[in-house]
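Protein chains in written order, with the numbering used here: chain A, 32 to 221; chain B, 5 to 579.
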């Protein structure tokens, strides 16, 4: 059905989809809600990931993520997660826990994300594996920037995400501070 | 005895909306619309560089990223009286129209069709008969028995495994569901196809905006798309040709599927042209500027009073005081400190004062906007009526097409007056999608012609003066009039207010206790089963409230008695 994709040479326009998507979700205007986006920014700035891994700041998007999530080998969702544990606690959900997580509405984004995944299931384009790597938020006040507490654990959460990327078989390289990518705007660490 | 229903969606993504209704003798007799979340995001902007405001405002909402970005750069440009190069206008206009088409398709099929279409009934359909009906309505190549059989089998396997997935939460078998099984099957098939075509529309935004969901190519003063027909990393001929192919592909879906489905399904629910009118003062703004200062537009906009198109008064441009001077917001029934009467957005205050839900007092975090001191409905219906009143040819032509198609199915002529209704808002949205699509084609041609003249300009450098300047940026967004208002002092933001479409439509009672559009539209709505208020959801969804919802059923005696998930909210997803 995707006529344009078949008839136009799009090497210049659409790059080949990477098998792994690291998807940061959250509203950066609501403080720790933006922790998933903060992890993406840190990965883009301080690390180099191979071409097989795509880093995406999904913000609070819904249906527009359908294209980004379809048919991936592995989607690693990074998000603020509330399970009742103390603020700053890392939370990792895999396999059957992920749909349960979506249904129990622990994520601020469960409706949008479950919409996308349900529609992908309908299209037979579901990602093969979805992992949620999250952190319990301390504050969801209207404010740009993480709370000090969550900010102090951002590096640990980033490293946890890297573990999952590496477990999927892709090495992540840490950059020297002199080679950090300063073109990445730091919305969440302003 | 009147029974109270509380519909309380839970999504945090676009802000909670709660709707309370009193139902008596099967009809809504009183309604309240309540925003359940305070944002105060405007406060984050104070003291910041106005050139960065759009990057922050596009984070206000996950669905409307692009529209807040556009309104924000326009507000700052308006304050600076800054000209925007033609190429930048055309590129922005293409992003705006492609985003609008994407958004309207998703709204009809993914977010609201299941209010009218019974998935389970589609299993009983005869695919051959469905194909025959579909072919009588449209020559869309996918309207054939093979496709319909496939879709029905897919649906059956979902139902048999107990994995309804995306369809798990609908009100299947509800007495207000009236479509024959074949039409339900046709609609389900098009639901599947719409998933592909909304992606197609989004590709245009991706290519021009450098990235979705958050576009990166805007700038106060233009766009950051360098045009160099030979360079790989810029806007090349190849990219422009690709965009054209996507535009063409989209057009077929809009004309042969979306418009036809809305007309046919609307005709079969003709009784819903009697419900949902609500506030019939309509406000929209002109959009798609065709010159550097915003005095000429591809799409008109303006104000219509009391459903009377002869009262139409156009808004002529970014400098027109008719819009800028007409807007006020009241907080008499909203959880903010008030007492100063309704205030103009430049003087707007956002000081929270939470009181609990008071039926006759304060009950919402949403302010109540007025235009020339009256409530106004915004959205595609308001815009289509304004464009029709302005004699905009593509609008009148596409409107006639939809009304004629609906009339043919209904077997009776359907007048323009039928648009003042729940189903009319869907019809108007389909008309607007067709108009947007033609405008997108036109903007592509304008861009190509202008580049052909050797004009590669995309950006004018802004310079901020000492002292105070103020400006408004408006945009006719998918859900209606969006305006950003900013006061800039010595190059920094001193005040910022966003008056969003949902504020116009979802606002509570105003300074004179007049109901807002959502509230007014629910009056006299039928409700067959108070514990499954599908009809209330239909009318609210027709405004495109931008949220998937779960529902709390509450009565005044016992607190929460049952809870059901609203149409559009899913659970039980399997990978």
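Note that the Cβ used here is the ideal one computed from N, Cα and C, for glycine as well.
Helix, strand or coil at residue i according to DSSP, with G and I counted as helix
i	result
residue 36 of chain B	strand
residue 87 of chain A	strand
residue 2 of chain B	The shown model of chain B, from 5 to 579, leaves out residue 2 of chain B, and the question about it has no answer.
residue 79 of chain A	strand
residue 231 of chain B	strand
residue 35 of chain A	Because the pLDDT at residue 35 of chain A is just 35, under 50, the model does not fix this residue reliably, and the value given afterwards should be weighed accordingly. Correct three-state label for residue 35 of chain A: helix.
residue 104 of chain B	helix
residue 166 of chain A	strand
residue 556 of chain B	Confidence at residue 556 of chain B is low in this model, with a pLDDT of 21, below 50, so the placement of that residue should be treated as unreliable; the coordinate-derived value is given next. Note: residue 556 of chain B maps to strand in three-state DSSP.
residue 396 of chain B	coil
residue 26 of chain B	strand
residue 386 of chain B	helix
residue 1 of chain B	With chain B represented from 5 up to 579, any question about residue 1 of chain B goes unanswered, as that position is not in the structure.
residue 136 of chain A	Here the model assigns residue 136 of chain A a pLDDT of 36, short of 50, so the residue's position is not dependable and the matter cannot be decided.
residue 345 of chain B	coil
residue 202 of chain B	helix
residue 51 of chain A	strand
residue 174 of chain A	strand
residue 220 of chain B	coil
residue 141 of chain B	helix
residue 99 of chain A	helix
residue 14 of chain B	Bear in mind that the predicted position of residue 14 of chain B carries a pLDDT of just 34, short of 50, making it unreliable; the figure below should be weighed with that in mind. Three-state DSSP puts residue 14 of chain B in coil, outside helix and strand.
residue 208 of chain B	helix
residue 195 of chain B	helix
residue 56 of chain A	strand
residue 418 of chain B	coil
residue 210 of chain A	helix
residue 8 of chain B	strand
Within 9 Å, strictly: CB atoms of residue i and residue j
i	j	result
residue 121 of chain A	residue 166 of chain A	yes
residue 101 of chain B	residue 292 of chain B	yes
residue 48 of chain B	residue 70 of chain B	no
residue 181 of chain A	residue 118 of chain A	yes
residue 383 of chain B	residue 509 of chain B	yes
residue 493 of chain B	residue 475 of chain B	no
residue 199 of chain A	residue 47 of chain A	no
residue 336 of chain B	residue 349 of chain B	no
residue 59 of chain A	residue 52 of chain B	no
residue 374 of chain B	residue 334 of chain B	yes
residue 311 of chain B	residue 430 of chain B	no
residue 85 of chain A	residue 203 of chain B	no
residue 75 of chain B	residue 390 of chain B	no
residue 104 of chain A	residue 158 of chain A	yes
residue 211 of chain B	residue 522 of chain B	no
residue 377 of chain B	residue 346 of chain B	yes
Residue i: contacting residues in chain B (beta-carbon distance under 8 Å)
i	result
residue 213 of chain A	Those do not exist, as residue 213 of chain A stays about 16 Å from chain B at its closest Cβ, beyond 8 Å.
Proximal chain B residues relative to residue i, where beta-carbon distance stays under 7 Å
i	result
residue 98 of chain A	203 and 206
Amino acids of chain A, ordered along the chain, whose beta-carbon sits closer than 8 Å to that of residue i
i	result
residue 199 of chain B	97, 150, 153 and 154
residue 110 of chain B	94
residue 48 of chain B	60, 173, 174 and 175
Amino acids of chain A, ordered along the chain, whose beta-carbon sits closer than 7 Å to that of residue i
i	result
residue 63 of chain B	58, 59, 60 and 90
residue 45 of chain B	60 and 173
Neighbour list for residue i in chain A, Cβ cutoff strictly below 9 Å
i	result
residue 69 of chain B	90, 91, 92 and 95
residue 60 of chain B	59, 60, 175 and 218
residue 114 of chain B	94, 146 and 150
Cβ-heavy atom distance, residue i to the ligand SAH, below 8 Å
i	result
residue 394 of chain B	As for the ligand SAH, it is missing from this structure, which has no ligand bound.
Which residues of the region 63-96 of chain A have a Cβ closer than 8 Å to any Cβ of chain B? Give them in chain order.
88, 89, 90, 91, 92, 93, 94, 95 and 96
Can you check the region 522-551 of chain B for any alpha helix (DSSP H) of at least 4 residues that lies completely inside it and give the ranges in chain order?
538-546
Contact set between the region 206-219 of chain B and chain A, restricted to residues whose Cβ is under 9 Å from the partner:
206, 207, 209, 210, 211, 215, 216, 217 and 218
List in chain order: all unbroken beta strand (DSSP E) runs of 3+ residues lying wholly within the region 440-515 of chain B.
472-481, 484-493 and 496-503
Using a beta-carbon distance cut-off of less than 9 Å, what residues from the region 173-196 of chain B approach chain A?
Contact annotation: in the region 173-196 of chain B, residues whose CB is within less than 9 Å of a CB in chain A are 195 and 196.
Can you pull out the residues from the region 168-184 of chain A whose beta carbon lies closer than 8 Å to at least one beta carbon of chain B?
173, 174 and 175
Every unbroken alpha helix (DSSP H) within the region 44-125 of chain B, with a cutoff of 4 residues, ordered by chain
46-49, 57-61, 69-84 and 90-109
Only counting runs of 4 or more residues, tell me where the alpha helix (DSSP H) segments fall wholly within the region 236-296 of chain B, in order along the chain.
Taken in chain order, the complete alpha helix (DSSP H) segments of 4 residues or longer contained in the region 236-296 of chain B are 241-257 and 263-272.
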